[in-house]
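2 protein chains.
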Amino acid sequence: MPDKDILSVVIPDVIVSIDKTGDAVVVVEKVSQKLMLYVYNGTYEKLLEFDCSTGESSGIKLRAGDKKTPEGIYFFLHDYIDKYLAPIYGSRAFTTDYPNFIDRTTGKDGSAIWLHGTNKVLKPRDSNGCVALTNKDIDTLVDYIKLNRTAVAMVEKINYVPVESVDAEKVSIKNFLSKWNNTLEDGTYQDYLKLYDTQYVPEIRWWSQWNLIREKIKKNSGELEVNIQDISIFKHNNIYVVLFDQVLKSIGNNVSFAGTRKLFISKIDEKLKIIGDEYQPKENLKDTKLLKHPLLIASLNLEKLVEIQKKKDLYKNIENMVMEWVKAWSSNDMDKYASYYALDFYSNGMNKKRWVNYKRRLANKYNYINVAIKNIKIRIGKNGADVSFFQIYQSSGYSAKGIKKLKLIHEDGKWKIMRETWKKS
Amino acid sequence: MPDKDILSVVIPDVIVSIDKTGDAVVVVEKVSQKLMLYVYNGTYEKLLEFDCSTGESSGIKLRAGDKKTPEGIYFFLHDYIDKYLAPIYGSRAFTTDYPNFIDRTTGKDGSAIWLHGTNKVLKPRDSNGCVALTNKDIDTLVDYIKLNRTAVAMVEKINYVPVESVDAEKVSIKNFLSKWNNTLEDGTYQDYLKLYDTQYVPEIRWWSQWNLIREKIKKNSGELEVNIQDISIFKHNNIYVVLFDQVLKSIGNNVSFAGTRKLFISKIDEKLKIIGDEYQPKENLKDTKLLKHPLLIASLNLEKLVEIQKKKDLYKNIENMVMEWVKAWSSNDMDKYASYYALDFYSNGMNKKRWVNYKRRLANKYNYINVAIKNIKIRIGKNGADVSFFQIYQSSGYSAKGIKKLKLIHEDGKWKIMRETWKKS
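So the sequences go chain by chain: C and Y.
According to the working numbering, the first sequence is numbered sequentially starting from 362.
According to the working numbering, the second sequence is numbered sequentially starting from 362.
Now the structure itself:
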């Protein structure tokens with residue numbers, strides 16, 4: 362491998378793209394019995410290289426007990442430290458998601474393909490199919506591994522390619538993901554399914570519910586974004602394994618995490634198509650009531666956040682109106698003051714006109730009027746809002762403190778005062 | 362209404378098309394408290410008209426207990442005679458499929474909307490929502506009703522239209538059905554779902570299995586037809602309710618009934634789309650293992666029939682070959698006779714050439730050779746077929762009866778004799 366200083370970096374061709382700085386990928390090469398750690402920091406750096414031990418038998422894992430190490434792109438699921446482990450696993454072990462969607466659909470079985478330490482001397486091709494490291498090495502590696510995020514690519518022999526050589530693939534996969542994501546945001550389920558291989562029928566019953574909640578959020582907030590972030594793209598056997606987080610976003614920067622998704626994408630008749638679709642870790646989407654569907658959970662969650670946000674906005678709106686009314690009153694801007702009263706205002710035996718005239722006379726009479734309020738309380742009901750606060754009125758001629766109560770209604774899209782009562786304390 | 366003799370027949374506009382001669386539709390008109398029976402016999406004839414009694418309250422049924430008769434297109438599900446019924450139902454009762462898909466999705470509830478007789482005097486608007494007839498009338502009607510086939514259209518007031526006026530609708534619905542059916546036969550699930558409304562997500566998980574079995578049948582037989590037959594098209598509130606039988610067909614005229622389907626079709630943005638899809642009677646397609654899906658059941662059934670057919674064809678093929686070999690031998694057509702022997706034939710110490718020459722000499726020697734066989738037995742194995750039969754050989758010089766055994770192999774796409782043994786009895 363060339364130095365880091367040289368312009369063109371070469372990387373194992375299993376890596377197509379990692380978005381998130383600091384994210385790592387473990388690459389296991391069976392032929393050399395080496396495990397390497399690549400970390401993305403703007404470019405890909407090989408930070409670690411260790412001796413490892415893979416399955417006693419060579420070839421691709423097919424069956425439980427065949428003592429072979431699988432080949433493909435996997436992700437670490439759980440970690441265990443020695444006190445929970447049999448001595449054979451050394452100081453710690455990471456479980457993986459073998460067999461993944463591709464393995465299962467191609468009839469491969471077996472399980473418990475782990476990356477683990479060992480209390481024995483590490484020898485080449487000495488495992489039951491797992492990947493073993495020395496305890497010292499796995500204890501170094503642990504700092505770089507994020508469960509359900511860090512990939513482990515297991516291959517017979519690494520093919521190194523210049524990092525630029527995968528740029529076009531990276532762009533086309535990202536465009537494809539964005540298209541897919543847009544159908545979730547705005548499209549029909551038919552648009553969505555167009556991006557899936559004709560031979561693969563994904564679970565789609567959740568769409569009805571998604572469609573309802575999606576419309577509800579849009580109607581309630583005017584805004585729903587479906588975003589994908591932290592995309593990692595790997596490739597093995599011409600199948601792209603793509604991991605990313607999905608996040609729903611609406612007004613007020615309210616976001617709702619909708620799960621980590623793993624798509625298997627392949628070129629079918631020159632077009633990218635999804636040939637497998639899972640959550641990472643895998644959710645049981647066969648659940649009849651769809652209760653476990655991460656996208657539905659997230660959307661219901663966001664719907665609640667949007668409702669709270671709308672309520673917050675409403676309170677803020679009323680509070681702002683009251684503060685502006687106080688400001689107009691205090692600054693002797695009596696036209697503006699008048700604008701906060703409803704046409705049908707009536708209090709203390711006065712309609713709007715008489716009330717405003719009365720207040721104008723007072724404003725003219727005193728050199729200054731200063732109104733401050735505190736402890737504002739707002740209660741929103743069906744027919745308007747009740748606002749109460751402690752009011753401190755000071756003027757050149759008269760001062761008083763007490764509880765002011767306003768009954769507000771919505772008129773011409775604005776909150777207006779319908780009743781005003783005052784109780785001196 | 363004009364006489365039947367007049368050229369233009371008018372029909373209630375709920376009827377768009379009935380395919381099957383003899384099929385009937387019951388039309389209930391609330392405003393006149395009349396029940397009519399139309400039967401299709403090349404054209405539509407009103408054969409019966411009875412007084413009936415519908416729900417006490419007027420309007421469209423919405424809720425259980427509202428004493429209203431629903432409006433829409435329903436089908437008779439079950440029939441019960443008086444000994445199983447409360448006296449209120451008179452001599453017999455037919456249950457219907459209210460609430461149907463449309464009722465359920467528009468939030469209507471209630472159930473047990475029946476067509477029944479009565480032991481009381483029939484009075485207008487006197488039922489709980491059911492349609493009641495006199496016992497005499499319902500006992501006349503019974504002969505025309507086929508369960509899960511005969512529709513009952515319930516409307517406030519019948520709108521009569523000339524029968525020709527629905528021709529264009531009939532053609533466009535039938536074209537649409539044929540398109541839908543073609544996607545089942547040859548299309549992808551994406552093609553299939555394109556014909557569904559974007560707001561309605563039908564159950565589609567069964568497609569994976571359907572796709573596998575469909576390909577298997579096509580591969581095994583070269584032929585799979587998905588046919589629809591006995592289409593009845595009704596219309597209410599601009600929704601077409603379409604009932605038809607679905608039948609799978611393959612080689613040897615093997616057919617497999619795939620259920621009676623009921624589609625709800627509507628024009629969305631000027632295009633026909635399926636807005637509801639049910640079996641009649643309704644099957645629970647939510648069954649996780651898809652075991653109850655009529656199309657899958659039918660396809661598995663057809664797959665078996667095709668296998669049996671292929672085996673039958675194979676036996677027939679071998680039997681035909683043996684009979685032709687006998688015929689060639691008996692008619693002294695020794696070139697043709699020779700053509701039934703495999704290149705590597707070896708029996709009685711003779712290869713093909715010597716064997717054929719020996720038989721040619723005998724054929725020349727005798728004035729006639731007559732071979733008849735009976736009790737042919739065929740056993741097909743992995744590497745060929747074993748055939749045995751009782752052979753009666755008569756010629757001008759020699760006659761014998763006994764058991765002939767042939768070992769056949771497949772050579773150049775034809776069955777050929779590899780060994781021939783003979784045991785005189």
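All residues carry an ideal CB built from backbone N, CA and C; glycine is no exception.
This structure is a prediction, so every number in the text was calculated from the model and none was measured.
Subject >> ASP384/Y to PRO642/Y span [Cα, whole Å] >> reply: Looking at the backbone, the Cα of ASP384/Y and that of PRO642/Y are separated by about 18 angstroms.
Subject >> Inter-residue spacing [alpha-carbon to alpha-carbon] between ARG486/Y and ARG453/Y >> reply: Taking the straight line joining both Cα atoms gives about 19 angstroms.
Subject >> Start-to-end residues for the alpha helix (DSSP H) that takes in ARG722/C >> reply: Where ARG722/C is concerned, the enclosing alpha helix (DSSP H) stretches over 713 to 726.
Original post:
Leaving out five residues before and five after LEU661/Y in sequence, what residues of the same chain have Cβ atoms less than 7 angstroms from its Cβ?
Top reply: Sequence-distant Cβ neighbours of LEU661/Y in its own chain, meaning closer than 7 angstroms and more than five residues away, are ILE574.
Subject >> Where ILE376/Y sits in the DSSP three-state scheme >> reply: DSSP places ILE376/Y in strand when its eight states are reduced to three.
Original post:
Does DSSP put ILE421/Y in a helix, in a strand, or in coil?
Top reply: The answer is coil: DSSP assigns ILE421/Y none of H, G, I, E or B.
Original post:
Listing by chain order, which chain Y residues have their CB less than 7 angstroms from the CB of GLN670/C?
Top reply: Neighbours of GLN670/C on chain Y: none; closest Cβ ~27 angstroms, over 7 angstroms.
Original post:
Is ALA512/C near PHE455/C, with beta carbons less than 9 angstroms apart?
Top reply: Cβ atoms of ALA512/C and PHE455/C: not closer than 9 angstroms.
Subject >> For LYS531/C and TRP686/C, the rounded distance between their alpha carbons >> reply: Taking the CA atoms as reference points, TRP686/C sits about 56 angstroms from LYS531/C.
Original post:
Exposed or buried, SER378/C, counting other C-beta atoms within 10 Å across all chains shown (16 or more means buried)?
Top reply: Under a 10 Å Cβ-count criterion, SER378/C is classified as buried, with 16 or more other Cβ atoms of the shown protein chains found around its own Cβ.
Original post:
Grouping DSSP H, G and I as helix and E and B as strand, with all else coil, what is ALA529/C?
Top reply: Looking at ALA529/C - three-state DSSP - the assignment turns out to be helix.
**OP:** In the DSSP assignment, find the unbroken beta strand (DSSP E) run with ARG453/C in it and report its ends.
**Re:** According to the DSSP assignment, ARG453/C belongs to the beta strand (DSSP E) that extends over 453 to 457.
Original post:
Does the beta carbon of LEU661/C sit closer than 9 angstroms to a beta carbon anywhere in chain Y?
Top reply: Not a single CB atom of chain Y sits nearer than 9 angstroms to the CB of LEU661/C.
Original post:
Looking at the C-beta of ASN572/C, does it have a partner C-beta in chain Y at a distance below 9 angstroms?
Top reply: At least one CB of chain Y lies nearer than 9 angstroms to the CB of ASN572/C.
Subject >> Check whether ILE739/C and VAL732/C have beta carbons under 9 angstroms apart >> reply: No. Outside cutoff.
Subject >> Coarse secondary structure for ASN681/C, derived from DSSP in three states >> reply: Of the three classes helix, strand and coil, the one that applies to ASN681/C here is helix, per DSSP.
**OP:** With a floor of 4 residues, list each alpha helix (DSSP H) that falls wholly inside the segment 580 to 635 of chain Y, ordered by position along the chain.
**Re:** Entirely contained in the segment 580 to 635 of chain Y, not one alpha helix (DSSP H) run reaches 4 residues.
Subject >> Span of the alpha helix (DSSP H), counted from its first residue to its last, around GLN551/C >> reply: If you look at GLN551/C, you'll find it in the alpha helix (DSSP H) that goes 550 to 554.
Original post:
Quick one: is TRP790/C near chain Y, going by C-beta distance under 9 angstroms?
Top reply: The structure shown does not extend to residue 790/C, since chain C is modelled only from 362 through 786, so no value can be given for it.
**OP:** Using a Cβ cut-off of 8 angstroms, pull out every chain Y residue sitting near LEU554/C, in sequence order please.
**Re:** Chain-order list of chain Y residues neighbouring LEU554/C: TYR550, GLN551, LEU554, by C-beta distance under 8 angstroms.
Original post:
Would you say ILE565/Y reaches chain C, if we count a Cβ-Cβ gap shorter than 9 angstroms as a contact?
Top reply: So, interface residue.
Subject >> Contact set between VAL562/Y and chain C, taken where Cβ atoms lie within less than 7 angstroms >> reply: Neighbourhood of VAL562/Y in chain C, by CB distance below 7 angstroms: TYR550, ILE565, ARG566, TRP568, SER569, in chain order.
**OP:** Measure how close the beta-carbons of SER414/C and GLN394/C come, nearest whole angstrom, since I'm counting them as under 8 angstroms.
**Re:** With 8 angstroms as the limit, SER414/C and GLN394/C qualify as a contact, their Cβ atoms being about 6 angstroms apart.
**OP:** Would you be able to state if there are at least three C-beta pairs under 8 angstroms between the segment 465 to 478 of chain C and the segment 659 to 673 of chain C?
**Re:** No, the segment 659 to 673 of chain C is not in contact with the segment 465 to 478 of chain C.
Subject >> Proximity of SER437/Y and LEU545/Y at Cβ, strictly below 9 angstroms >> reply: Sequence inspection shows Phe at residue 437/Y; the Ser mentioned does not correspond to that position. No, the pair does not count as a contact, with Cβ atoms beyond the cut-off.
Original post:
Short check: CB of TRP541/C to CB of ILE635/C, under 9 angstroms?
Top reply: A distance below 9 angstroms separates the beta carbons of TRP541/C and ILE635/C.
**OP:** Return helix, strand or coil for PRO655/C, following the three-state DSSP convention.
**Re:** Correct three-state label for PRO655/C: helix.
Subject >> Status (buried if at least 16 other CB within 10 Å, exposed otherwise) for GLY710/C >> reply: So GLY710/C ends up on the exposed side.
Subject >> Contacts around THR404/Y, its chain only, beta-carbon distance under 6 angstroms, and the 5 residues preceding and following it disregarded >> reply: Cβ within range, chain order: VAL370.
Original post:
Under a three-way DSSP split, which group does VAL392/Y fall into?
Top reply: Looking at VAL392/Y - three-state DSSP - the assignment turns out to be coil, as it is neither helix nor strand.
**OP:** Please name the residues in the segment 456 to 475 of chain Y whose beta-carbon is closer than 9 angstroms to at least one beta-carbon of chain C, in chain order.
**Re:** For the segment 456 to 475 of chain Y, there are no residues whose beta carbon sits under 9 angstroms from a beta carbon of chain C.
**OP:** Using 10 angstroms around the beta-carbon of GLY468/C, count the other beta-carbons present and answer buried if the total reaches 16, otherwise exposed.
**Re:** GLY468/C is exposed by the Cβ-count criterion.
**OP:** Output the boundary residues of the beta strand (DSSP E) element that contains ALA761/Y.
**Re:** The continuous beta strand (DSSP E) containing ALA761/Y extends over residues 760 to 772.
Subject >> Beta-carbon proximity list for LYS577/Y, same chain, < 7 angstroms, skipping 5 on both sides >> reply: When the five nearest sequence neighbours on each side are left out, the beta carbons in the same chain lying within less than 7 angstroms of the beta carbon of LYS577/Y are those of GLU664, in order along the chain.
Subject >> Delimiting residues of the alpha helix (DSSP H) encompassing ASP314/Y >> reply: The shown model of chain Y, from 362 to 786, leaves out residue 314/Y, and the question about it has no answer.
Subject >> PHE706/C, DSSP secondary structure in three states >> reply: If DSSP states are grouped into helix, strand and coil, PHE706/C belongs with coil.
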